[in-house]
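Colleague: Residue numbers (numbering that gives the first Met the number 0): 0 to 202.
Positions of the beta carbon are idealized from the N, C-alpha and C atoms, including for glycine.
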Amino acid sequence: MPLTSVAVEPDFTAVTAAHDALMADANRRIEDFVRRRKDQPIPAFVPSDARMSVAALAAVRQSHLAPSGAFCEWGSGMGVTACLAAQLGFDACGIEIEPDLVDAAADLAADHGLDVPFVHGSFVPEGGDDLAVDSGEFETLSVGLTPGYEDLGLDADDFGVIYAYPWPGEEWAVENLFEAFAARGALLVTYRGREEIHVHRKV
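(1) So, do the region 160 to 173 and the region 45 to 61 have three or more beta carbon pairs nearer to each other than 8 Å?
(2) Going by C-alpha distance, which of Glu97, Gly127 and Val14 is nearest Gly78?
(3) Using a 10 Å radius around the Cβ and a threshold of 16 neighbouring Cβ atoms, would you call Gln86 buried or exposed?
(4) Within 10 Å of its beta-carbon, does Pro124 have 16 or more other beta-carbons around it, so buried, or fewer, so exposed?
(5) Are Asp156 and Ala181 close, meaning C-beta to C-beta below 9 Å?
(6) Look up Arg27 in the DSSP assignment and say whether it is helix, strand or coil.
(7) On a CA-only basis, which of Tyr148, Pro167 and His119 is nearest Asp99? Give me that one, please.
(8) If you draw a straight line from the C-alpha of Asn175 to the C-alpha of Thr3, how long is it?
(9) Using CA atoms only, rank isn't needed, just tell me which of Glu170, Ala103 and Glu169 is closest to Arg36.
(10) Comparing the C-beta of Ala84 with each C-beta of chain B, is any distance below 9 Å?
(11) If you draw a straight line from the alpha carbon of Pro9 to that of Glu195, how long is it in whole angstroms?
(12) If you run the structure through DSSP and keep just helix, strand and coil, what is Phe44?
(13) Quick check on the DSSP output: the beta strand (DSSP E) that includes Ala69 runs from which residue to which?
(14) Classify Glu195 as helix, strand or coil using the three-state DSSP reduction.
(15) On a Cα-Cα basis, can you pick out the residue from Val14, Asp150 and Leu21 that is closest to Leu107?
(16) Tell me, which residues are paired with Tyr164 by DSSP?
Next comes the structure, spelled out in structure tokens:
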């Protein structure tokens, strides 16, 4: 089934004080994490623009564009976007290949009173390796890792919204995976850098 573009105008008026507090705290934690890992950096750990992301997700939520409130962040990193989604009322979770980031994301959620599960694994579903790419140096779409869905007790087609920040050049792989495994009607929200958010629906 093909994907169709959905026009979404980020609603910055929906960004609350709670969102701002979480983003400020997350920025401090990210800076500390990068500082502590300076001798063992995670090359692909580049956070998206959280304010842009939460404003776009707020517009999706307010316009009832998603078929359900189930939300998964593919490559959740520090878990900022999934936590912001939870604050908006989404039933959010995240999948991440770096164990240290999974732990950091869980701490962020807990410290802000959010019930957001984060699991270690690949967001590439079982049988999706041929649609993904082995990105070599950065391994943002590493194949051969155990998918994280079993630990969540969910499948890729259980989500109404999937969010990702694909590494440049990997956008097509994320879209192919979404098209193959997401539920019909689900939304793929991707941050593309330079303050760009793209929203696609599986039709």
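Modeller: If we stick to the structure as given:
(1) yes
(2) Glu97
(3) buried
(4) buried
(5) yes
(6) helix
(7) His119
(8) Each residue's Cα considered, the two are about 13 Å apart.
(9) Ala103
(10) Protein chains in the displayed structure number just one, and chain B is not present.
(11) 10 Å
(12) coil
(13) Per DSSP, Ala69 belongs to the beta strand (DSSP E) from Ala69 to Trp73.
(14) coil
(15) The shortest Cα separation from Leu107 among Val14, Asp150 and Leu21 belongs to Leu21.
(16) Its beta-bridge partners do not exist; DSSP assigns none.
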